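Input: a single structure, listed below in C-alpha cells.
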Amino acid sequence: MKKNIIAIMAALFSLTAYADDYFLNVVSNTSESYSTGSLQKITFENGNIIITTTDCTNTSFAISSISKMYFSSTPLAISTINNDKGFTWDGTTLSLNGLKGKVQVYQANGALIVSELVNTQSLNLSYLAKGIYVVRVDGRSYKISKK
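The opening position of the sequence shown corresponds to residue 50 in the numbering used here, with each subsequent residue numbered one higher.
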C-alpha cells in the first residue's frame, strides 16, 4: 500500500514539473495566454471567470464574451509592439508614452522576470539577454524581441 501511495505521489510531482510547459489560452475580445506555472487559481463569480496569477494579478472575463478557452503546449500568438496605445520598443527601452502602472515582462517559457510599478515614461530593459519576451501592460500582452 505504501509503495502505491509513493508511486502516485511521485507521478503527481513529475506532472507538476511539466506544468510550466503548458498555457491556458482565453479567446475573448482579446486573446490572452497564461503559463500554467503562473496560475494561482481560476474562479467563477457573477457570470465571470477570474484568473489569478501567482503575482496576485486578477484578470476577469465575462463568460458570455469567451469564444474559446483551452490548454496548449504553445501560447497564442501575441502581437509585436508597433505603437499600439503609444507603446514603443527600440530594442533596449520600452516607452510608455504617458501610461503608468504595472509592467510585467515574461520569458518565452512564461517565467516572470520583471514586475515593476512604473511611474516614468520609459522602462530600461537593456539588461535582458537576447531573445523573445512578452510584455504585459494595461491588461494587454505584447511581444518584444531583444537582439
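For each residue, glycine too, the CB sits at the ideal point set by N, CA and C. Just so we're clear, the structure is a prediction, and the values are computed from it rather than from any experiment.
For T92, the secondary structure class from DSSP, reduced to helix, strand or coil, is strand. Sorting S80, G159, S113 by C-alpha distance to the C-alpha of S87 places G159 at the top.
At a Cβ-Cβ threshold of 9 angstroms, K192 and V184 count as neighbours.
The Cβ-Cβ distance between S171 and T142 falls below 9 angstroms. With respect to the 9 angstroms criterion, F120 and F72 are classified as neighbours on the basis of their beta carbons.
In this structure, the alpha-carbon of Y176 lies about 32 angstroms from that of V76.
Contact between V163 and G150 does not hold, since the beta-carbon distance rounds to 14 angstroms and is not under 8 angstroms. Between the alpha carbons of T169 and T103 lies a distance of about 25 angstroms. Judged by DSSP secondary structure, L177 falls outside any beta strand (DSSP E); it is assigned neither H nor E. Following the DSSP letters along the chain, one finds I99 inside the beta strand (DSSP E) bounded by residues 97-102.
Residue environment analysis places I100 among the buried positions, since at least 16 neighbouring C-beta atoms fall within 10 angstroms of its C-beta. Looking at the backbone, the Cα of N95 and that of S113 are separated by about 11 angstroms.
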